[in-house]
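For the sequence shown, our numbering begins at 1314 and goes up steadily by one. Shown next, in structure tokens, is the structure this report addresses.
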Amino acid sequence: MATRKQARQKSLLQILALLIAVVILLVGGVLLQNWWNNRPGPQPQEVSITATVGDASLEISPYLVCEPGVDCPEGEVPNLAVGPDDTLVLDIPEAIYDHDWQVLMIYDDPAANDQQLHAANDAQQVEIPGSTDPIGENTERPRLMVVEVSSVMLGHNDAGEETPYTTVWSLSTMS
1314 MATRKQARQK SLLQILALLI AVVILLVGGV LLQNWWNNRP GPQPQEVSIT ATVGDASLEI
1374 SPYLVCEPGV DCPEGEVPNL AVGPDDTLVL DIPEAIYDHD WQVLMIYDDP AANDQQLHAA
1434 NDAQQVEIPG STDPIGENTE RPRLMVVEVS SVMLGHNDAG EETPYTTVWS LSTMS
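This is the structure in structure tokens:
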């Protein structure tokens, strides 16, 4: 039969073990939260946008990824045909929509060109008509020719330092 002293010791050991377990869980939780908040996002070159027209879908890689003040090569501009009565849907990934970004729509009539500015978490998807209402005395509907999405993203340069990059995704919509 255990004495009162042994029972008290056993009780204190259980409380101590419980306190140690709570401290370990708290430290683990703080470390996990710190890692989660500071984990690196994808490099700008790795982020793609999905463009959809009807059943056709296309992943768009960046056309241009450039550090400020540095000449950089232009990439290929993919093509996804958008008819005058179609709607182009752009699905924007979180790496872009979690900060400011913009969409530039270029039509065959420069007067119809348009730009949409989006704040952080403002939109995750953009719908763009294949043509717009006629402008002025012209009776023809301006047709969508090019769409560009642009954003400033953080990435790592060749030295491994975090730096801003101007990133542009471009899509030709001509048939």
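All C-beta atoms in this analysis are idealised placements derived from N, C-alpha and C, irrespective of residue type, glycine included.
query, result
"Who are the Cβ neighbours of Ala1369 in its own chain at under 7 angstroms, not counting the five residues just before and after it?", "Leu1393"
"Could you check whether the stretch 1375 to 1382 touches the stretch 1408 to 1425, counting it as contact only if at least three pairs of C-beta atoms, one from each stretch, sit closer than 8 angstroms?", "no"
"Taking the alpha carbon of Pro1386 as the reference point, which residue from Met1487, Val1481 and Thr1486 has its own alpha carbon closest?", "Val1481"
"Rounded to the nearest angstrom, what separates Glu1389 and Leu1467 at their Cα positions?", "22 angstroms"
"Among residues of its own chain, excluding the 5 on either side of Val1402, which ones have a beta-carbon nearer than 6 angstroms to its beta-carbon?", "Thr1365 and Glu1440"
"What's the C-alpha gap between Pro1397 and Gly1473?", "46 angstroms"
"Would you identify the three-state DSSP class for Ile1362, choosing helix, strand or coil?", "strand"
"At 3 residues or longer, what runs of the beta strand (DSSP E) sit wholly inside the stretch 1342 to 1417?", "1362 to 1366, 1369 to 1373, 1377 to 1379 and 1400 to 1404"
"Under three-state DSSP, which class holds Gln1437?", "coil"
"Since Ser1463 contacts Trp1414 with CB under 8 angstroms, what's their CB separation in whole angstroms?", "7 angstroms"
"From the DSSP output, which residues share a beta bridge with Pro1477?", "Leu1467"
"Determine whether the beta carbon atoms of Val1360 and Ile1328 lie at a separation below 8 angstroms.", "no"
"Could you check the C-alpha separation between Val1335 and Gly1342 for me, to the nearest Å?", "10 angstroms"
"Answer with buried or exposed for Ser1444, where buried requires no fewer than 16 other C-beta atoms within 10 angstroms of its C-beta.", "buried"
"Only counting the same chain, and skipping five residues up and downstream in sequence, which positions put a Cβ closer than 8 angstroms to that of Pro1353?", "His1469"
"Determine whether the beta carbon atoms of Pro1406 and Ile1362 lie at a separation below 8 angstroms.", "yes"
"Specify, as a first and last residue, the run of the beta strand (DSSP E) that Asp1421 falls within.", "Segment: none, Asp1421 is in no beta strand (DSSP E) and carries neither H nor E."
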